[in-house]
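Asks:
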Amino acid sequence: MIEIDNLHKKFGDTEVLKGVSLSIAPGEVVSILGASGSGKSTLMRCMNGLAGLNGGSLLIDGLDVSKPRELREIRKRCATVFQHFNLYPHLSVLDNITLAPMDVLGRKKAEVEAEAYALLKQVGLADRADAYPGQLSGGQKQRIGICRALAMQPRYLLLDEVTSALDPEMTGEVLDVLAALARSGTTMIFVTHEIAFAREISSRIVFLDDGVVRADMPTDRFFAEDGGYGDERIARFLAKMRNK
Amino acid sequence: MFWDGFLVTASVSALSIVGSFLIGVIVAFGAVSRRPFLRKAARGYIGLFRNIPFIVQVFFFYFGLPEIGVYIDAFTTGTMALSIAVGAYAADVLRSGIENVDTGVIEAAEVSGLSRFKIYRRIILPIALRVSLRPLGSVFINLVLTTSILSTITLNELTGNAKIVASDTFRPFEVYFFLLLFYCVLTYLLSLLINLWHRRLNRFMRGAE
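From first to last, the protein sequence lines stand for chains A and B.
The numbering of the first sequence is the numbering used here, which starts it at 67 and goes up by one.
The numbering of the second sequence is the numbering used here, which starts it at 106 and goes up by one.
(1) Using the C-alpha atoms, what's the distance from A117 of chain A back to K84 of chain A?
(2) Using three-state DSSP, classify L250 of chain B as helix, strand or coil.
(3) Residues of chain A with CB closer than 7 Å to the CB of G218 of chain B, please, in chain order.
(4) Classify N114 of chain A as helix, strand or coil using the three-state DSSP reduction.
(5) When you compare the stretch 109 to 118 of chain B with the stretch 255 to 266 of chain B, are there three or more beta-carbon pairs, one atom per stretch, that lie closer than 8 Å?
(6) What would DSSP say about R259 of chain A, mapped onto helix, strand or coil?
(7) Less than 8 Å between the C-beta atoms of I140 of chain A and G121 of chain A, yes or no?
(8) Please confirm if A213 of chain B has its CB atom under 8 Å from at least one CB of chain A.
(9) Which partner residues does T208 of chain B have in the DSSP bridge list?
(10) So that I know if they touch, is there some Cβ in chain A lying closer than 8 Å to that of R227 of chain B?
(11) Just how far apart, CA to CA, sit A8 of chain A and F256 of chain A?
(12) In this structure, what does DSSP give as the bridge partners for D315 of chain B?
(13) Any C-beta of chain B sitting closer than 8 Å to the C-beta of N114 of chain A?
(14) Per DSSP, which one or two residues make a beta bridge with P158 of chain B?
(15) Does the beta-carbon of L297 of chain B have 16 or more other beta-carbons within 10 angstroms, so that it is buried, or is it exposed?
(16) Once DSSP output is grouped into helix, strand and coil, what is the label at M168 of chain A?
(17) How is the alpha helix (DSSP H) around N266 of chain B delimited, first residue to last?
(18) Can you look up T80 of chain A in the DSSP assignment and give me helix, strand or coil?
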């Protein structure tokens, strides 16, 4: 369970999050939408402890992100996939995937490697285990990024605009992997610009606007005429995204 | 005679390369630390030891310290002084390598739960070394050449021995020519080693677009 209560975050004098409250139950697939600068990436960085809080609280399974010891435990349960992949360039694909499970979770090498191969197979990259990130295309890198996150067997998967840095033809291959994952029951939190995709796979939409939650409703409702579309700012945002 | 000198030069060089590398790594990480105290201390260290002529540092350790009751033999003094002084240069080279590591990659390591130490050792250092190794190689070659200064504190390494041989035989041309060759060979071998290591660290870049 992720419980966010009245979260505030400032960068210098600019307040990016102005009191966000939100809770996400296990098994949910939630998309966080919003214009650039609405604070959605910052919200995600607060969840995995990359950004500290300036007010309010953020608990994951009752653990407090602002306490270093509890954050360490949170990071075992919460994995992140990044917009720019952020693979370790000096490690092979296999080592990229197995490093944290072995080191952080203390699991056995043979076991973790077997699992890594299974994950690679799932994303269609079974033959690239020995390659280095520099030898892969963007779409392949992101699929490895997803494998690396999943190898931690996380309860929560945070996905931060994971297709924004990809060419359209590579976006599809990544989204396919994610759609399969969403059906498997992993708790997923997407920050995304892919409206159509968010609509297809998430059960709930959170719309951030200027640092506050403007709407938080089931996906069907959000895209209904009298739901999200009823809100003038959301309607304008959706129209703008569609015209892109 | 020459051979003895060679052994001394080679062992002082090897020990000081290891020593200055270790000091360099520690000081470089200090210099990029989030803690202001560590950062200032590390940057102070780099600033201090790069701004004193090496021969003055050695004289201070070898001739100055005994005055206050600290006696260290020439070999140890030389190795220590070189490690400390060259460590400052190594730290500076490594620091720029570390600062160039993509912050996104470091963040990925952080959120995966790796400890600070593991992130330094498994992620940041190997990536930084990839670009820092060549300039670091120049620093180490300079270290080998600087060992000749240790002849001034009675350490009979290559140059010290050569001086003795030259004054015994009255054949300075031959002796110093031979000495010159010796240093060339030594540093050439070192640069070969560094090239090999560099290629190994960058092997994963092959085939990158």
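By construction, the Cβ of each residue, glycine as well, lies at the ideal position given by its N, Cα and C atoms.
Predicted, not measured: the structure shown is a model, and the values here were computed from it.
Replies: Taking the coordinates as given:
(1) Locating residue 84 of chain A in the first sequence gives position 18, where the first residue counts as 1. Locating residue 117 of chain A in the first sequence gives position 51, where the first residue counts as 1. Cα atoms of K84 of chain A and A117 of chain A: separation of roughly 15 Å, rounded to the nearest angstrom.
(2) The residue you call residue 250 of chain B lines up with position 145 of the second sequence. Note: L250 of chain B maps to helix in three-state DSSP.
(3) Within the second sequence, numbered from 1, the residue matching residue 218 of chain B stands at position 113. R138, R141, K142, A166, V170, listed in chain order.
(4) Residue mapping note: residue 114 of chain A aligns to position 48 of the first sequence, counting from 1. If DSSP states are grouped into helix, strand and coil, N114 of chain A belongs with coil.
(5) Judged by Cβ distances under 8 Å, the stretch 109 to 118 of chain B makes contact with the stretch 255 to 266 of chain B, as three or more pairs qualify.
(6) Reading the first sequence from its first residue, position 193 is the one you call residue 259 of chain A. First, the residue type needs correcting, since residue 259 of chain A is His and not Arg in the sequence shown. Correct three-state label for H259 of chain A: coil.
(7) Along the first sequence, one-based indexing puts residue 140 of chain A at 74. Along the first sequence, one-based indexing puts residue 121 of chain A at 55. The Cβ-Cβ distance between I140 of chain A and G121 of chain A does not fall below 8 Å.
(8) As a position in the second sequence, residue 213 of chain B is number 108, starting the count at 1. With 8 Å as the cut-off, A213 of chain B counts as an interface residue toward chain A.
(9) Reading the second sequence from its first residue, position 103 is the one you call residue 208 of chain B. T208 of chain B is not bridged by DSSP to any residue.
(10) Translated into positions along the second sequence, residue 227 of chain B becomes position 122. Yes, because at least one Cβ of chain A sits closer than 8 Å to the Cβ of R227 of chain B.
(11) Absent from the model: residue 8 of chain A. The displayed extent of chain A is 67 to 310, so no value can be given.
(12) Within the shown structure, residues of chain B are numbered from 106 to 314, placing residue 315 of chain B beyond reach of any answer.
(13) Position 48 of the first sequence, counted from the first residue, corresponds to residue 114 of chain A. Yes, N114 of chain A counts as interfacial toward chain B.
(14) Here the question's residue 158 of chain B lines up with position 53 in the second sequence. In DSSP, P158 of chain B forms no bridge with anything.
(15) To locate residue 297 of chain B, count along the second sequence from 1; it is residue 192. The Cβ neighbour count for L297 of chain B, taken over all protein chains shown within 10 Å, is under 16; the residue is labelled exposed.
(16) Translated into the one-based positions of the first sequence, residue 168 of chain A becomes position 102. Here M168 of chain A sits in helix by DSSP.
(17) In the second sequence, residue 266 of chain B corresponds to position 161, counting from 1. Start and end: 263 to 274.
(18) On the first sequence, residue 80 of chain A is found 14 positions in, with the first residue counted as 1. The answer is strand: DSSP assigns T80 of chain A an E or B state.
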